[in-house]
Every structure is written in structure tokens, then in C-alpha cells.
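Notes follow the structure.
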Amino acid sequence: MAQYLRLLKYALPYRGRIALSIGCLLIASLLNAVSVASLQPVFDGLFGGEGSRQLLSLPRALQPLLGDWVARVQDFLRAHQMSVLTFLAWFLLAVLLVKAMVNYVSVYLMKYVSERVMADVRDALYAHLHSLSLGFFLRKNTGEIVSRVTADVDALGAAVTDLFRNALREPFTIVGLVALLFVIHWQLALASLLIFPMTVIPILKFGQKIRRRGTRVLERRAELSTVIQEGITGIRIVQAFGMQAYERQRFCAKNRELFQAIMRIVRVDALSGPVMEILEAVGIVVAVWLGGYLVFRGELTPGAFMGFLGALASLYVPIKRLSAVNNNIQRGMAGVHRVFEVMDQQPEVTDRSGARGLPPVKETVAFEHVSFAYEPGRVILRDVHFQGKMGEIVAIVGPSGAGKSTLVNLLPRFFDPTDGRILLDGVDLRDVTLPSLRAQIGMVTQDTILFDDTVANNIAYGLSAAGGAAWAYGLFAAGGAVRVSGPAPDCDLARIREAARLANAEEFILQLPEGYATRIGEKGVRLSGGQKQRIAIARAILKDPPILILDEATSALDAEAERLVQEALERLMRNRTTFVIAHRLSTVIQADRIVVLEDGRLVEMGTHPELMAARGTYFRLYQNQPQEA
Ligand SMILES: Nc1ncnc2c1ncn2[C@@H]1O[C@H](COP(=O)(O)OP(=O)(O)OP(=O)(O)O)[C@@H](O)[C@H]1O
Ligand SMILES: [Mg+2]
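Residues in the sequence shown are numbered from 4 upward in steps of one, following my numbering.
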């Protein structure tokens with residue numbers, strides 16, 4: 004119930020449209036009634052024989068009131084048969100036209116509302132996703148997350164439409180028909196409607212089942228979307244290792260599971276109609292038997308009996324529809340549940356209350372007895388304790404899996420230490436606001452991350468978190484229509500080019516078909532590994548942060564290119580603290596401080612000559628390196 008209300012909150016801004024749509028729906032039903040019901044007595048009057056002065060189609064209760072008037076109308080109609088008929092034809096046409104238009108408006112508005120609600124929910128969900136911490140994304144598959152924003156929200160949309168359209172309309176119809184039954188003969192109505200409350204049980208039971216099974220379907224859909232996502236983004240490896248058949252079979256298996264999950268819903272869904280019919284049959288049999296008996300006893304006229312049966316039969320149409328609607332809504336609620344599940348996720352990394360903005364870091368970056376575990380019980384970093392000063396290059400070396408990337412990932416607070424703390428100029432990271440912290444950190448990650456956009460926009464990405472990207476987007480609109488040499492303010496383009504030059508990237512960028520305006524494809528697929536790295540470095544340089552993190556940032560460059568980038572970086576490193584992670588130890592020789600990690604522990608620290616003299620882990624690592632000229 005709480006979830007319905009929560010969903011309704013999204014529909015609330017559109018209540019005017021919803022009301023109008025429902026109003027139109029009612030008008031359409033009314034016009035329908037007018038077009039059919041009102042014509043019946045008129046036609047009886049038109050075509051009825053001389054003797055038929057009584058209009059059977061009027062309820063008996065009304066006849067005394069209208070009796071004389073009816074007769075006069077009848078006479079008038081007979082006198083002007085043809086023109087009345089023509090008038091009726093036009094009238095009918097007009098009513099049906101208006102009804103069609105009103106119907107259109109009603110359907111359009113309801114669709115509008117459900118699509119808008121879906122769009123709003125998607126917006127909110129996506130915004131919320133971006134407020135979550137990295138840990139959430141590491142725990143969930145991409146396909147799963149994509150599926151929540153797409154398929155699950157689609158399911159939710161169906162619930163919205165049905166909720167307003169049918170769930171509101173059918174009860175009206177039901178109440179009307181029940182009232183009619185009671186007007187005709189209340190005892191008979193009572194007897195034949197005894198079965199009526201029982202229809203609620205299957206409706207609810209089926210609804211529950213469908214909701215549970217609907218959740219399974221959405222889960223299966225998410226799994227399928229993960230398989231697709233992996234199979235397509237990993238296509239290079241799939242093809243290189245000849246795993247197409249395997250991937251196909253993996254997909255088929257998941258697809259089959261999805262099909263089976265859907266069929267489990269279909270079984271319940273298809274059952275609900277017939278079950279309703281059986282209950283209906285019982286009600287009608289009771290009415291036939293009892294009604295017939297009443298007719299024999301003269302307590303009911305045959306006409307009223309037929310009318311009663313007709314109304315009773317049509318009563319089960321809205322009930323059956325309501326049951327189907329409930330099934331749809333429950334299916335949609337499965338999506339609603341999954342959507343809200345994500346919305347209810349709280350970021351693990353949050354600002355402490357009273358967190359302040361971090362002033363530009365000027366002096367130190369200190370790790371104080373930092374321990375960290377991704378999951379309880381498996382400690383990755385143990386009691387790491389060291390300090391880096393402004394203007395220093397801190398190199399972090401150690402065997403693969405030692406925890407180097409993990410260590411630097413604590414700086415922008417992708418995760419918080421499980422023990423100990425990290426201080427910037429003596430202030431705990433957790434006491435400053437996240438945006439102000441991250442604004443001071445530039446990062447080149449171990450796997451280069453680029454976006455399907457132009458070179459210039461990729462470099463300018465994050466130039467200023469608030470609108471820098473939007474700014475760049477306007478300037479270097481992808482698609483080649485806007486040239487870089489076009490309206491770009493010179494200083495901004497100049498800064499981008501400067502960063503690219505420092506990253507030793509300008510040369511290859513200018514050779515691209517459209518220079519800085521070249522689109523580089525999803526994840527930068529149209530660039531080489533080294534080119535991608537240099538764009539990532541240029542991005543970090545352009546941000547010009549007090550703290551720079553280079554995690555294997557030059558690993559894909561040849562020795563010459565690496566030396567060039569290294570030189571540029573050294574020039575840049577003066578007024579900042581730079582953390583460099585590199586397997587190639589030739590790149591860390593100049594570091595002011597080399598931190599050696601082994602199995603999550605800081606085992607050694609010092610400069611290159613000091614560590615070489617100590618003949619410890621660093622010495623061993625260095626000895627095992629292929630020595631470059
Ligand atoms: N998201 C994660 N969840 C659980 N464990 C993780 C996660 N990421 C890394 N690890 C584990 O943490 C340990 C340290 O990983 P990390 O990436 O920090 O190593 P590294 O020193 O950077 O290695 P490399 O030199 O290969 O990049 C590894 O044993 C790894 O299995
Ligand atoms: Mg690493």
C-alpha cells in the first residue's frame with residue numbers, strides 16, 4: 004500500500020490531466036449510453052405497431068410519471084416518421100463522433116500521464132544512481148542496473164495507466180449494475196450475488212502470485228541484459244577466442260529462463276478468466292433457477308427476469324476486467340518495488356554532518372594507520388601509515404594485488420577506510436564535503452575511461468563539475484557540425500590544447516580526421532591504448548588539481564613517449580602532491596618518496612637510492628625488472 008502511495012506521488016503533479024482524462028472517460032460512457040439507450044424507446048415509438056402503446060423498455064416505475072407524455076411523443080414520431088429517422092441518423096452520428104473525440108482525449112491524456120510518470124521516475128532513478136557510492140556499482144552488474152532504469156520502469160508505467168484508467172472505471176460500472184439488479188428484484192439480487200464476494204478471493208490470490216512471478220520475470224530480464232551487455236562489449240575477446248557459440252548458448256539459456264518465467268505468469272493470468280467464468284456460471288444458475296421459480300409464482304414478470312439475467316451477465320464483464328487489471332497492476336508493482344529498492348539505497352560514503360568545504364590543500368596528505376577491507380573478513384590494507392608533502396611525488400610500488408589501486412581509491416573517498424583515517428592538511432576526509440574534496444583530486448585510472456564524444460570534450464570532461472561538460476558540449480558538439488576552430492573562446496580551446504601538448508597527445512590528435520572534434524567512439528574504441536591514456540592524462544592535467552593520482556597512467560606508452568609525458572608531469576608536479584603507481588620502476592626513480600606495499604602492508608619507504616641500499620622488497624622488485632637503456 005505504501006508503494007502505491009509512493010507511486011501516486013509521482014502522478015500527483017499531473018492530477019489535472021488525470022481528472023480530465025477520467026472526466027472524458029465518464030462523458031464517453033455517458034454518450035455511449037445516450038446513443039444506445041435513448042434510441043431504444045424512440046425506435047419502439049417509430050416502428051411499434053398500432054397496438055403497442057406501451058413502451059416496454061421503460062422501467063415500470065417510470066411509466067406512471069411519463070405515461071401520457073410518452074403517448075404524445077409516440078404519436079408525433081409516427082406522424083413525421085421519415086424526418087425523425089433522418090434526424091436520428093444525424094444525431095447518432097454526431098454523438099458517436101463526439102464520443103470518439105472525447106475518447107481520444109481521454110486515452111491521449113492518460114498515456115501522457117503514464118509516460119511522463121515513467122520519464123520522471125527514470126530521471127529520479129538515474130539521478131539517485133549517481134548519488135550512490137562506487138561500492139554499489141561494484142556489487143551490481145551493469146546490465147542489472149540498466150534494466151532497473153529501463154525494463155523495470157516500463158513495467159511500472161503499465162501499472163500507472165491501469166491504476167487510473169480501469170481500476171477507477173470498472174468499480175463504477177459494477178456499482179451501477181448491482182444497483183440495477185436490486186431495483187429489479189432485491190431478494191433475487193441478493194441470492195444471485197452471494198457468490199459475488201467470492202470473486203475477490205481469486206482476484207487477490209492471482210494478484211499475489213503474479214506479483215511474485217512478475218519479480219522473477221524482471222530479474223530474469225536483468226540477467227539477460229547482463230549477458231547481452233557482456234557479450235557485446237566483450238566482442239573482441241569473444242571473437243578472438245572463438246566463443247560465439249558459447250555466448251549464443253549462454254544467451255539462449257537465459258532467454259529460455261525468461262520465457263519460462265513469463266509463462267509462469269501467463270498460466271495464472273490465463274486461469275483468472277475461466278475461474279471468474281465458473282463463479283459467474285454459479286451466480287447465473289442460481290438466478291435462473293430462483294428467478295424462474297419467482298416467475299412461476301408470478302412475483303416477477305418474464306421481461307424483468309430477462310432484464311435481470313442480462314444485467315447479471317454483464318456484471319461479470321467488469322469484474323473479469325477488474326481481475327485482469329489487477330493482474331497487470333501487480334505485474335507493474337513488481338517493477339515499482341524494484342525501482343524503489345534502488346531509490347532506497349543509501350550511499351555508503353556520505354558527508355558527516357557539519358562537513359565543510361575543503362580549502363585548497365597546501366601542505367600534507369597523510370595516511371594514518373589506514374586499514375581497509377572491501378568485504379568483512381578479507382583485509383586488503385593493513386595499518387598503512389605515511390605522509391606526502393605538497394610538491395612531492397609519492398610513488399607506490401609493490402606486486403600486483405598488493406593494494407596499490409585500493410590505497411589511492413581511498414583518497415577521493417570511493418571507499419572509506421575501515422580503520423584509521425586520511426588527513427588533508429590535518430583535516431579528516433570525512434569532515435569535508437565530497438564535491439569539495441573531489442574537486443581537488445585529478446585521477447588517471449588504471450583502466451582508461453573515455454566517453455563516446457569528441458576528443459576535446461573528453462579532455463574538458465570535468466573541467467568544472469558544474470556545467471563544464473555542458474559548456475564543452477555546446478562548443479564541440481559531436482557529429483562534426485561544429486568545428487573546434489569555430490566559436491570556441493580562444494582561451495578555453497587554448498587550455499585544452501595546452502593540456503594535450505603536455506600529455507604528449509597533440510601530435511596524434513591533429514592527425515585524427517577532425518582533430519579535436521573527432522568522435523572517439525564508445526569507451527574510445529577508435530583510439531589505441533596509449534592514445535587513450537594520453538587523453539586521460541590531458542584530462543587530469545587540465546583539471547589542475549592539488550592532488551594528482553596516476554594509476555599506471557603511462558603503462559601503455561612506449562619508453563620514449565612515457566619519458567616525454569613524465570617530463571611534462573614533472574613540470575606540473577611542482578605545486579601539487581602526485582601519487583604515482585607504476586610497475587615500470589624506471590618511472591618511479593625520481594620520486595621523492597617511494598612507498599612499497601606488499602600484501603596490503605607498507606613494508607618499506609624511502610627514496611630510490613635508500614631503498615636500493617636497504618636490499619629489501621624494492622630491491623628485489625627492481626632486480627627482476629627488465630632494465631631499460
Ligand atoms: N571491488 C573489490 N571487491 C573485493 N576485492 C577487491 C576489489 N577490488 C580489488 N579487490 C582485491 O583487493 C586486492 C588489491 O587490489 P588492488 O587493485 O588494490 O591491487 P593493485 O596493487 O592495484 O594491483 P595491480 O598492480 O595489479 O593493479 C586484490 O587482492 C583484489 O582481489
Ligand atoms: Mg592497480
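For each residue, glycine too, the CB sits at the ideal point set by N, CA and C.
If you count every other CB in all the chains shown that lies within 10 Å of the CB of residue i, and 16 or more means buried, which is it?
i	result
GLU646	Nothing can be reported for residue 646, as the shown portion of the chain is limited to 4 through 632.
ILE204	exposed
MET85	exposed
ASP78	exposed
VAL269	exposed
LYS535	buried
SER55	Low local confidence applies: a pLDDT of 47 at SER55 is under 50, so the model's placement there is unreliable, and no value is given.
ARG9	exposed
GLY217	buried
PRO167	Note on identity: in this sequence residue 167 is Phe, with Pro being the wrong assignment. The residue in question, PHE167, is buried, as its Cβ has 16 or more Cβ neighbours within 10 Å.
GLN628	exposed
HIS388	exposed
ALA36	exposed
TYR464	buried
GLN569	buried
CYS27	buried
GLY483	In this prediction, GLY483 scores a pLDDT of 38, lower than 50, which makes its location untrustworthy; no coordinate-derived value is stated.
GLN443	buried
GLU118	exposed
LYS365	exposed
ILE240	exposed
PRO420	buried
Considering only heavy atoms of ligand 2, does any lie closer than 6 Å to the CB of residue i?
i	result
GLN536	no
Could you round the C-beta distance between residue i and residue j to whole angstroms and report it? I think they count as a contact, below 8 Å.
i	j	result
ALA508	LEU545	Not a contact, Cβ separation roughly 11 Å.
ILE198	LEU282	6 Å
LEU530	ILE523	5 Å
ALA506	ALA571	7 Å
LEU600	LEU410	7 Å
GLN333	GLY245	Rounded, the Cβ-Cβ distance is 45 Å, inconsistent with contact.
GLY335	LEU207	Incorrect: roughly 16 Å between the Cβ atoms, too far for contact.
PHE375	LEU413	6 Å
SER38	VAL98	5 Å
VAL397	GLY391	4 Å
At a threshold of 6 Å, does residue i count as lining ligand 1 (C-beta to nearest heavy atom)?
i	result
LYS114	no
ALA405	yes
TYR319	no
LEU141	yes
TYR377	yes
ILE383	yes
Note the first and the last residue of the continuous beta strand (DSSP E) segment covering residue i.
i	result
ARG385	382-392
ILE552	550-554
LEU600	596-601
MET446	444-447
ILE213	Where ILE213 is concerned, there is no enclosing beta strand (DSSP E), although the alpha helix (DSSP H) it sits in stretches over 203-236.
ALA376	367-376
VAL400	396-400
ALA251	Residue identity check: residue 251 is Arg in the sequence provided, not Ala. Premise fails: ARG251 lies in the alpha helix (DSSP H), 247-299, not in any beta strand (DSSP E).
VAL606	604-609
Which residues bound the alpha helix (DSSP H) around residue i?
i	result
ALA564	562-575
LEU196	Taken as a continuous stretch (DSSP letters only), LEU196 belongs to no alpha helix (DSSP H), as it is neither H nor E.
THR581	Counting along the chain, THR581 falls outside any alpha helix (DSSP H), though it belongs to the beta strand (DSSP E) covering 580-584.
ILE452	Premise fails: ILE452 is in no alpha helix (DSSP H) and is neither H nor E.
ASP123	84-132
ASP165	156-187
ARG142	137-142
ALA316	305-346
ARG416	Run containing ARG416: none; DSSP gives neither H nor E here.
LEU10	5-14
SER150	145-150
GLY532	532-546
ARG623	620-626
GLU351	Premise fails: GLU351 is in no alpha helix (DSSP H) and is neither H nor E.
With a cut-off of 7 Å, give the chain-ordered residues whose Cβ is closer than this to any heavy atom of ligand 2.
This criterion selects LYS407, SER408, GLN449, ASP554, GLU555 and ILE584.
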